[in-house]
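The numbers in the sequence shown follow the numbering used here, run straight up by one, and end at 1322.
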Amino acid sequence: MTARRKIATGLSGLTLAGGLGGCADMPLFEPRGESAAQPAAVAPLPGAGSSPGAAAGAPVVDAVTVEEFDTTTPEERAAAAAPPPRASGGDEALGTTVASLGNPAEPGFWAETPLVASARQGRLTNPDTGASVQVELRPSGGEPGSGSRVSLPAFRVLGAPLTALPELTVTGL
């Protein structure tokens, strides 16, 4: 291939990329109708209104630090760490899981785990620190043993370093 042909091919590729890149701002590619105007509402989990951190808002768009991403209040963290009431007696040991930090931009106390088939309230316990936290257990869709993802506020209450992979005990409430 000659140098002239290489230059012509490169320039035509740049022209095409630049031309298509400008299409991104066109209304043609924006969603329309009722579904575009309002995001779909997510049905709250039964009893979720009383869950610690349920009212935590999303972090600011340009969040960088742990404190900026964790929008829960000290009171919400204390409530999540409080021992569960013993009156229910419906606690169910679900197993253990190796946990990693989940999406830090998703607020609240939650864990995505293969140990549940549907969303429910639960508790994570870190045997290394003795700390535990009440969370919403969400199905991850993974195979048993594939590990879990835990919210930033829950990871902090458990006293685990954010880069650690702690083995946690999971209990359904």
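We put the beta carbon where it would ideally sit given N, CA and C, even for glycine. Keep in mind the model is a prediction, meaning the values are calculated, not measured.
If you compare alpha carbons, which of the options is closest to residue i?
| i | options | result |
| --- | --- | --- |
| P1276 | T1222, A1229, G1294 and V1319 | V1319 |
| A1266 | P1253, P1223, P1232 and E1285 | E1285 |
| P1223 | L1311, G1321 and P1302 | P1302 |
| A1231 | T1312, A1313, L1311 and V1306 | V1306 |
| D1219 | V1210, E1241, P1288 and P1253 | P1253 |
| P1256 | P1233, E1216 and E1241 | E1216 |
| L1250 | A1242, E1241, E1261 and D1240 | E1261 |
| G1294 | A1313, T1274, L1317 and F1304 | L1317 |
Determine which residues share a DSSP beta bridge with residue i and list them.
| i | result |
| --- | --- |
| V1299 | L1250 and A1260 |
| E1316 | V1247 |
| R1272 | Q1283 and T1320 |
| A1242 | T1320 |
| P1288 | T1262 |
Quick check: what's the CA-CA separation for residue i versus residue j?
| i | j | result |
| --- | --- | --- |
| A1309 | P1315 | 7 Å |
| L1322 | V1282 | 12 Å |
| P1193 | R1269 | Because P1193 carries a pLDDT of 42, less than 50, the predicted location of this residue cannot be relied on, and no value is offered for it. |
Using the beta-carbon count (16 or more within 10 Å), is residue i buried or exposed?
| i | result |
| --- | --- |
| V1299 | buried |
| L1311 | exposed |
| A1248 | buried |
Do the CB positions of residue i and residue j come within less than 8 Å of each other?
| i | j | result |
| --- | --- | --- |
| G1244 | L1264 | yes |
| R1272 | P1233 | yes |
| G1296 | T1246 | yes |
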